[in-house]
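**Q** Before anything else, here's the structure in question.
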Amino acid sequence: MPHAAYVISDTDRRGLMVVVTTLFMSWMVLVSFFRIYMRMTIIGPWGLDDLMANVASILGIVNVGVLVKGVNDGLGSTEKQLNSSRIERAEQALYGANILFLAGHCAAKLSVLFLLRRLGRERTYLRACLGVMVGIVLWAIVSILIVALKCPFRHPWLLEQCASLLPRWQAITVLDVITELLLLGLSLYLVWPIKLTRMRKAGVIGAFGTRLGIVILAILRQTSMTAIAHTNDLLLDISDAVILTQVLLHCSIMAATLPCLKPFVVSFNTGWGQGTVGQDGSSYFHQASTASAAAQRSRASSGKRGSEIRRKDQDATRSEDAGRGNSQEWIIQETREWSLRYETIEMKPVEPK
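As structure tokens, this is what we get:
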């Protein structure tokens, strides 16, 4: 009978950590491949948002590799069964995983921000995007330095010798939540003045609103870390916080891809892929549409073969929206095409023989 790699118990939670971590990483990789497929075939071209999403995915995969190495060294099990060298290696792995978590989480935030920036053209809005971008980058740099330069300086991964670890993570989490709320605020500012139906506005806001789930996960993660402030078996008791950290990271990366899905793009372009990007590929145009038209007739012939009528309709209307000093145009284009086919059969009376 084969021997199980890990047995989940009250004193060993390594198996649970591996299962949850690899499961969410697998979902994240699938979503990342789906994003790449969408960009290459439907809603290209590539932009900075896609680059940052791919960077976040790579960091997430490396993070899992480092964490699994720590699990093999005893992370998630009681320290009573480990020698000092294994404990130190497990803490080193956790130290590296935390830094990779912050870097990957930052890249996911920047991916959402660059997508929001591509969708807007108003000068005030672009300045707001720049300000939020600076805030996210500063948050990441400061957070990584806070985690990387823990006490003692020569061995910053030694958790039991750093009493100020919990307040540092509390500050990081507070700033993390603030940056997430700023991203949500940018999406509201982007969509609110557009003349769209309530359902379409709700769809766009909902796509970016998934970041609220990231806020909830960040708070839950910090709560789990607060609960182990005075533990005597850190490698075991920190397992819940490590699991929530992995869930938070991979959900953050997946949430950065949700706005690229078809329902979101359809809200801006009911032609689905027609005219969403400028020629230089640098910015998206807000496109909103009703229908347009021109009629084209085709010939009809009688007989057994029948006839065919084709008609193409195209309508375009423009709505203008003045956005705080600058007037800009939001256009939606829709193309519809249909064909009608029918047959005519000439009926003749049958002459009696």
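Counting from 1, one number per residue, gives the positions in the sequence shown under full-length UniProt numbering.
Backbone N, C-alpha and C fix where the C-beta goes; we use that ideal spot for every residue, glycine too.
Using only the alpha-carbon positions, how far apart do GLY185 and THR179 sit?
**A** Those two C-alpha atoms are separated by around 10 Å.
**Q** Bridge partners of TRP12, per DSSP?
**A** Note on residue identity: the sequence assigns Asp, not Trp, to residue 12. According to DSSP, ASP12 bridges with SER9, SER77.
**Q** How about MET225 and TRP139: are their beta carbons less than 7 Å apart?
**A** No; because the gap between Cβ atoms is not below 7 Å, this pair is not in contact.
**Q** Is it buried or exposed for ASN98, if we count other Cβ within 10 angstroms and need 16 for buried?
**A** ASN98 is buried by the Cβ-count criterion.
**Q** Please tell me whether VAL191 and ILE205 are closer than 7 Å, where the distance is taken between their beta carbons.
**A** Yes.
**Q** Quick check on the burial criterion: 16 or more other C-beta atoms within 10 angstroms. Buried or exposed for LEU181?
**A** LEU181 is exposed by the Cβ-count criterion.
**Q** Does any CB atom of chain B fall closer than 7 Å to the CB of TYR95?
**A** In the displayed structure, chain B is absent; only one protein chain is listed.
**Q** Just the Cα atoms here: how many angstroms apart are GLY74 and GLU88?
**A** Whole-angstrom Cα-Cα distance: 10 Å.
**Q** Starting from the Cα of LYS80, find the closest Cα among ASP12, ARG118, TRP27 and give me that residue.
**A** Among ASP12, ARG118, TRP27, the Cα nearest to that of LYS80 belongs to ASP12.
**Q** With a CB to CB cut of under 7 Å and the five nearest residues on each side skipped, what residues in its chain are close to ALA93?
**A** VAL66, LEU67, LYS69, GLY70, ASP73, LEU75, listed in sequence order.
**Q** Please report the Cβ distance between HIS250 and TRP27, rounded to the nearest whole angstrom; I am assuming they are in contact, meaning their Cβ atoms lie under 8 Å.
**A** Rounded, the Cβ-Cβ distance is 7 Å, consistent with contact.
**Q** Cα separation between ALA103 and ASP237?
**A** Taking the straight line joining both Cα atoms gives about 24 Å.
**Q** Determine the contact status of MET17 and SER164, defining contact as a CB-CB distance below 7 Å.
**A** For MET17 and SER164, no; Cβs fall outside 7 Å.
**Q** Nearest to ALA56 by alpha carbon, out of LEU100, LEU258, ALA107, PHE101?
**A** Looking at the Cα atoms, ALA107 is the closest of the given residues.
**Q** For GLU91, which of helix, strand or coil comes out of DSSP?
**A** The answer is helix: DSSP assigns GLU91 an H, G or I state.
**Q** Where ARG211 and SER252 are concerned, what is the direct C-alpha to C-alpha distance, given to the nearest angstrom?
**A** Roughly 7 Å between the two C-alpha positions.
**Q** Rounded to whole angstroms, how far is the Cβ of PHE24 from the Cβ of GLN246, which I believe are closer than 8 Å?
**A** Indeed they touch by this definition, with Cβ atoms about 6 Å apart.
**Q** Along the alpha helix (DSSP H) that carries SER57, what are the first and last residues, could you check?
**A** Note, SER57: alpha helix (DSSP H), 48-72.
**Q** Using only alpha-carbon positions, find the residue among THR22, LEU149, LEU116 that is nearest to GLY131.
**A** Comparing Cα positions, the closest option is LEU116.
**Q** When the distance is taken between beta carbons, is VAL64 closer than 7 Å to THR21?
**A** Going by C-beta atoms, THR21 is nearer than 7 Å to VAL64.
**Q** CA-CA distance, LEU100 and LEU59?
**A** Going from the Cα of LEU100 to the Cα of LEU59 covers about 6 Å.
**Q** Within 10 angstroms of its Cβ, does ASP233 collect 16 or more other Cβ (buried), or is it exposed?
**A** The residue in question, ASP233, is exposed, as its Cβ has fewer than 16 Cβ neighbours within 10 Å.
**Q** What separation, rounded to the nearest whole angstrom, lies between the Cα atoms of ALA255 and SER9?
**A** Approximately 32 Å between the Cα atoms of the pair.
**Q** Using three-state DSSP, classify HIS250 as helix, strand or coil.
**A** Reduced to three states, the DSSP call for HIS250 is helix.
**Q** Count the other CB atoms within 10 Å of the CB of LEU110; is the residue buried (16 or more) or exposed (fewer)?
**A** Buried: at least 16 other Cβ atoms inside 10 Å.
**Q** Take the Cβ of ARG14 as the centre, count every other Cβ of all protein chains shown within 10 Å, and call the residue buried at 16 or more, exposed below.
**A** ARG14 is buried by the Cβ-count criterion.
**Q** Pull up the distance between the alpha-carbon of LEU183 and that of ASP49, whole angstroms please.
**A** Distance between the alpha carbons of LEU183 and ASP49: 14 Å.
**Q** Which residues in the same chain have their Cβ closer than 8 Å to the Cβ of ILE243, if we skip the five residues on either side of it in sequence?
**A** Cβ within range, chain order: LEU16, MET17, VAL20, THR21.
**Q** Hey, how far is the Cα of ILE194 from the Cα of VAL112?
**A** ILE194 and VAL112: Cα-Cα distance of roughly 20 Å.
**Q** When you compare only the Cα positions, how much space is there between ASN54 and THR78?
**A** Computed Cα separation, rounded: 36 Å.
**Q** Give the DSSP-derived three-state secondary structure of ARG123 in the structure shown.
**A** Of the three classes helix, strand and coil, the one that applies to ARG123 here is helix, per DSSP.
**Q** Please return the same chain residues whose Cβ sits closer than 7 Å to the Cβ of LEU82, not counting the five positions on each side in sequence.
**A** Counting only Cβ-Cβ distances below 7 Å, and skipping sequence neighbours, we find GLY74.
**Q** Take the Cβ of PRO167 as the centre, count every other Cβ of all protein chains shown within 10 Å, and call the residue buried at 16 or more, exposed below.
**A** Exposed, by the Cβ-count rule.
**Q** Could you check if ILE43 is buried or exposed, using at least 16 other CB atoms within 10 Å of its CB as the buried criterion?
**A** Buried, by the Cβ-count rule.
**Q** Give the straight-line distance between the Cα atoms of residue 358 and VAL31, rounded to the nearest whole angstrom.
**A** Residue numbering for the chain in the displayed model covers 1 to 353; residue 358 lies beyond these limits and cannot be assessed.
**Q** May I have a chain-ordered list of the alpha helix (DSSP H) segments no shorter than 4 residues that lie completely inside the region 200-239?
**A** Here the runs fully enclosed are 211-226, 234-237.
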